[in-house]
Structures are given as structure tokens and as C-alpha cells.
Amino acid sequence: MGDPALSRRGFLAASAAAGLGMTALTACGGDSDGGSSGTTTIEWWNISTTEPSKTVWAALARKYEAQNPKVKIKIVQMENDAYKSKMTALTASGKLPDIFHTWGGGVLKQQVDAGLVENLTDSTKPWGEALLPVAKEPYLLDDQVYGIPFDIGMIGFWYNKALFEKAGIAEPPTTWDGFLDAVRKLKAAEVTPLALAGKEKWPGMYYWAYLAMRTAGAEALQKAYDDKDFTSAPFVEAGEHLEELVGLQPFQKGFLGAAYSSPTGQAATVGNGKAAMELMGQWAPTVQADAGKGLGKDLGFFPFPAVEGGKGAITEVFGGGGGHALRRGAPQEAVDFLKFFASEATDLELVKKTGVLPVVPAAESAIADPNIKAVQAQLKAATGFQLYLDQAYAPAVGQEVNDSVAALIAGSKSPGQVAQSITKTAKEEQ
Numbered sequence: 057m058g059d060p061a062l063s064r065r066g067f068l069a070a071s072a073a074a075g076l077g078m079t080a081l082t083a084c085g086g087d088s089d090g091g092s093s094g095t096t097t098i099e100w101w102n103i104s105t106t107e108p109s110k111t112v113w114a115a116l117a118r119k120y121e122a123q124n125p126k127v128k129i130k131i132v133q134m135e136n137d138a139y140k141s142k143m144t145a146l147t148a149s150g151k152l153p154d155i156f157h158t159w160g161g162g163v164l165k166q167q168v169d170a171g172l173v174e175n176l177t178d179s180t181k182p183w184g185e186a187l188l189p190v191a192k193e194p195y196l197l198d199d200q201v202y203g204i205p206f207d208i209g210m211i212g213f214w215y216n217k218a219l220f221e222k223a224g225i226a227e228p229p230t231t232w233d234g235f236l237d238a239v240r241k242l243k244a245a246e247v248t249p250l251a252l253a254g255k256e257k258w259p260g261m262y263y264w265a266y267l268a269m270r271t272a273g274a275e276a277l278q279k280a281y282d283d284k285d286f287t288s289a290p291f292v293e294a295g296e297h298l299e300e301l302v303g304l305q306p307f308q309k310g311f312l313g314a315a316y317s318s319p320t321g322q323a324a325t326v327g328n329g330k331a332a333m334e335l336m337g338q339w340a341p342t343v344q345a346d347a348g349k350g351l352g353k354d355l356g357f358f359p360f361p362a363v364e365g366g367k368g369a370i371t372e373v374f375g376g377g378g379g380h381a382l383r384r385g386a387p388q389e390a391v392d393f394l395k396f397f398a399s400e401a402t403d404l405e406l407v408k409k410t411g412v413l414p415v416v417p418a419a420e421s422a423i424a425d426p427n428i429k430a431v432q433a434q435l436k437a438a439t440g441f442q443l444y445l446d447q448a449y450a451p452a453v454g455q456e457v458n459d460s461v462a463a464l465i466a467g468s469k470s471p472g473q474v475a476q477s478i479t480k481t482a483k484e485e486q
């Protein structure tokens, strides 16, 4: 993925001590220690609630059960925000599911520090070394493996080529000034420039995070967290750039109450051709098609523009992937399922049917969609990488980033107040 010297600094942030005791653990649902029938039930929590992923993942569970008759996979699927909220509560209670979705970073570190997560270093070594190194980075803590990836990718702009043409925009913008100009042209053509799920907050965070990377440089986000200080000029400037965008009124009507994947949410607004762009990850095309109609050949992708005079480069990317972790004490059958899910055969199926980017090198040949190829090309050329801030930082700090940026977008906080609020939380948390 570009620079071979990329370190964990680009992905992970140190988190505060969790403050949770070493609690005796039990599974969050299934009978993971085996029942009288000799069948072991593994509870698997994930966020694959949209099609085709929901159906594909369920079919993979059934396939694994057919190959392992004494194992039952109990699937629990939740929408993103509901999942995060539930996992926060479960972490506090000291009880996690056998297998659970993780983005890695500071949230996973908090769970590890609390003694709630299984160390997978030895049990996955025979097959885990075959996975792409960059995909594994978010789940490495002190060189120990606490999660296994199934996806890797980045955030960028997904756009409607037909609406760009209608507005007279010949090429996707490469600078922030050019981006703002494109927004103005779209509005002049009576096209809604951007769709945003304001209700869920994390999609808005992407704008501020990327602008901070472009103004201060990718490494500055980690340094600010380490120093507990986000008040330097480049971070305030990032908020000012976002404030300027918000001032253009670029988002769809009712965006502050809009969800991401609902029939009237952000993805559907773009997928139904009612907005020209959304800032989202590599999963965007499948969710647009599930929540709306999808754009087909009219869909394009371009990286977040460079900010004139900023220290960051357009080749520094923001994103992450999805992975699975195990509760501490999970049965061997849970490890075996992770091996199955990380196999070449499974990865090929995920790439072909759900559009994820491969974590097994041999599955790369299965990428057919030109937009997914474009995302992969950007990742390969990346000179820096930053994990989602609400996952890279300790949970309280990540949540404050989301909340403060949402307040800025809603007009109730200034750029300086955003920087101060995040700094205050970082100091209190550490």
C-alpha cells in the first residue's frame, strides 16, 4: 500500500486505561462450551445488514456448518451505530460475543486492556501470515495479534458522472478550492451537491478528519492525540474549511435527521440520483444499490482533494477496514471459523459478491468493478494512512470528534470550539 515504511502510528492511537476489572467472561449468547448434544454454538456479531453482504455472510455461516456438523453459528447482525452502542455496553459489563466485528485501533485496545479479547498471535500464525500486512495493522497491539481482517479500504468521494456533466464539471476536482467550485456549479445547475447522514454523525467526521490531514499532514493527527492538543492552527483551519463548505448549503434537504443506509438516507439519496456526491468508504456502491437503485456506469470515484498551502498530500488516505476479534476464552471452534473466513476461497467470494477489497493477495484478481480498482490503486499509491478517528482514538475522544464536528455542521460550534472540545476530552481521558 505505497510506502513500505508505514507504521502503526498511521493506524493506532494509544488509549486510556480502560478502568474495567478483570471480569469472569461468558459468551454473550450461544452455548460456547458445548451442550449435551456435543454441538458447540458460536455467537457471531457483525454489521452486515445490507444486501448483498447480509445474504452472502449468512450463506458462508451455513457453508461452514455443513463442513463442521458439530458447530452452530448464531448470527447477530446490527446496523453500525446500534452495534457500537451495544458493544460499548457489553465492554463495560465485561462480556463480549464469541466473534465480533472490530475496526481495531483505540477501541480494540481498550477492550484488550480490560482483558476481554483473545490474543490470536500463536493460534493464527500458520495461516495469518498469508494476509496482506497493511490489512492486519489496525489489529496489532504491541506486535500481538488481536483481530483478523476481512476488508481494507479508504474513504473518498463517490460521484454521479451524469450530474457532473449536467453541471459542466469536466473532471473531478483535485484541490479544495476546485471542490468548492464544483459544489457551486452543481447548485447553479439545480443539483444537490452532497448527501450526508447528519443523524449518525460519523459520516460528517470524515470531512473534518480529511481536512485536518490535508492542512496539518497525516502524522499530525496522531501527534495531536499523543500531545492531547488539537488547538493548533491547522486543526482550526480544517474546521474553517468545513464551515465554508457548510455555508454553501450543499447537503440534501433534511440531512441533519438523515440516516446512512435507510431508504431515505445518504446512500439512497446518491443511489437514486438525487445528490451528486457522498464522502464514503469502499462499501458505498453496494449500499447505494441496496438502499436505492444504484448508479451503475454513472458512478465514479475520486480521492479527497488537496488543500492549497496545507502540509498534507492527496496521497495520504483516511479509512480502514473490517475485522473480527474473539472474546477471551472463546472456544477453538471460533478460531477455526476465523481461519475459514480468512481463506482464499472465502475472500474470493467476498470480493466477487460484495465488492470488498481483498486481504488475501491471491484474491486480487477477482476485482472486476472499475471503481473498486480505483480505490485499490489509491491505496497502493498511498504515502500515509490514518484509521477512522472514532476507532483510532480512545472511545470518549473519538465520540467527541464525531459530536463536535456534527455540531459545527449544524452551526452550533465554531471551528475553534471544535478543536477546544476535542482537546478537553483528550486531556480528561488520558
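Plus 56 on top of the position in the sequence shown (first one is 1) and you've got this note's numbering. C-beta: ideal position from N, C-alpha, C; glycine also.
Just grab the DSSP bridge partners of residue i for me.
i, result
"Tyr215", "Met333 and Gly356"
"Trp100", "Ile131 and Ile155"
"Thr231", "Ala362"
"Phe311", "According to DSSP, which records beta bridges pairwise, Phe311 is partnered with nothing at all."
"Gln344", "Answer is none; Gln344 lacks a bridge partner."
"Val201", "Leu196"
"Leu488", "With the chain covering 57 to 486 only, the question about residue 488 has no answer from this structure."
"Val173", "Arg383"
"Leu250", "Phe307 and Met333"
"Gly209", "Gly376"
When the Cα of residue i is compared with those of the options, which residue comes out closest?
i, options, result
"Thr271", "Lys257, Pro259 and Val292", "Val292"
"Asp403", "Ala345, Ala422, Gly385 and Gly454", "Ala422"
"Gly397", "Pro108, Thr106, Lys110 and Leu116", "Per the sequence shown, the amino acid found at residue 397 is Phe instead of Gly. Answer by Cα proximity: Leu116."
"Val190", "Glu121, Ala145 and Leu413", "Leu413"
"Phe220", "Gly329, Trp101 and Glu174", "Gly329"
"Gly273", "Leu382, Val127, Tyr120 and Glu364", "Glu364"
"Ala114", "Asn102, Asp354 and Val416", "Asn102"
"Leu187", "Asn124, Ala419 and Trp232", "Ala419"
"Met261", "Glu456, Thr479, Thr481 and Val112", "Glu456"
"Thr177", "Leu443, Ser468 and Val391", "Val391"
"Leu394", "Ser149, His157, Val132 and Ser109", "His157"
"Val168", "Pro290, Gly203, Gly310 and Thr231", "Gly203"
"Asp346", "Asp137, Gly94 and Gly321", "Gly321"
"Gln447", "Asp198, Tyr266 and Lys140", "Lys140"
"Ala148", "Leu267, Ala268, Trp159 and Gln166", "Gln166"
"Asp233", "Gly366, Val112, Tyr195 and Gln442", "Gly366"
"Lys408", "Thr97, Ser109, Leu267 and Thr95", "Ser109"
"Asp198", "Ser288, Leu164, Leu242 and Thr410", "Leu164"
"Ala245", "Pro259, Ile225, Ala362 and Glu275", "Ile225"
"Leu196", "Phe213, Ile211 and Asn175", "Asn175"
"Ile370", "Ile155, Pro229 and Ala223", "Pro229"
"Trp264", "Val415, Val461, Ala424 and Ala315", "Val461"
"Ala438", "Ser470, Ala424 and Ile211", "Ile211"
"Leu267", "Ser468, Glu484, Glu485 and Leu445", "Leu445"
"Lys159", "Ala362, Ala386 and Met143", "Correcting the residue identity first, residue 159 is Trp in this sequence and not Lys. Of the candidates Ala362, Ala386 and Met143, the one whose C-alpha sits nearest the C-alpha of Trp159 is Met143."
How close, in whole Å, do the beta carbons of residue i and residue j come, if the pair is a contact with beta carbons under 8 Å?
i, j, result
"Ala450", "Gly171", "Contact doesn't hold; Cβ gap of about 17 Å is too wide."
"Asn216", "Leu351", "6 Å"
"Asp130", "Glu99", "This sequence places Lys at residue 130; Asp is not what is there. Their Cβ separation, rounded to whole angstroms, is 5 Å, which keeps Lys130 and Glu99 in contact under 8 Å."
"Glu372", "Gly440", "4 Å"
"Ile478", "Phe360", "Rounded, the Cβ-Cβ distance is 20 Å, inconsistent with contact."
"Asn458", "Leu355", "Wrong, their Cβ atoms sit about 27 Å apart, outside the cutoff."
"Val431", "Phe357", "6 Å"
"Gln123", "Ser104", "Contact flag wrong, Cβ pair sits at about 20 Å."
"Thr96", "Lys126", "6 Å"
"Gln442", "Met269", "6 Å"
"Thr410", "Ala452", "Actually they do not touch by this definition, with Cβ atoms about 32 Å apart."
Cβ pair count under 8 Å reaching 3, the stretch 197-209 against the stretch 371-386: Yes, they touch.
Inspect the CB distances between the stretch 275-285 and the stretch 303-312 and report whether three or more fall short of 8 Å. At 8 Å Cβ cutoff, the stretches do not touch.
For the stretch 270-302, list the alpha helix (DSSP H) runs that are entirely contained and at least 4 residues long, ordered along the chain. Runs of alpha helix (DSSP H) with 4 or more residues, each lying fully within the stretch 270-302, are found at 274-283, listed in chain order.
Meets three-Cβ-pair contact criterion under 8 Å: the stretch 180-197 and the stretch 386-400: At 8 Å Cβ cutoff, the stretches touch.
Give, in chain order, every unbroken run of the beta strand (DSSP E) that is at least 3 residues long and sits entirely within the stretch 373-409. Every unbroken stretch of the beta strand (DSSP E) spanning 3 or more residues and falling wholly within the stretch 373-409 is given here in chain order: 379-382.
How about the stretch 320-329 and the stretch 295-302: do they share at least three Cβ pairs that are nearer than 8 Å? No, the stretch 320-329 does not touch the stretch 295-302.
When the Cβ atoms of the stretch 247-261 are set against those of the stretch 332-352, are three or more pairs found closer than 8 Å? By the criterion of at least three beta-carbon pairs nearer than 8 Å, the stretch 247-261 is in contact with the stretch 332-352.
Spell out a yes or no on whether the stretch 339-347 and the stretch 381-392 are touching, meaning 3 or more CB-CB pairs, one atom from each, closer than 8 Å. Taking one beta carbon from each stretch, the stretch 339-347 and the stretch 381-392 have fewer than 3 pairs nearer than 8 Å; the two do not touch.
Ordered list of alpha helix (DSSP H) runs contained in the stretch 412-439, each at least 4 residues: Taken in chain order, the whole alpha helix (DSSP H) runs of length 4 or more contained in the stretch 412-439 are 426-436.
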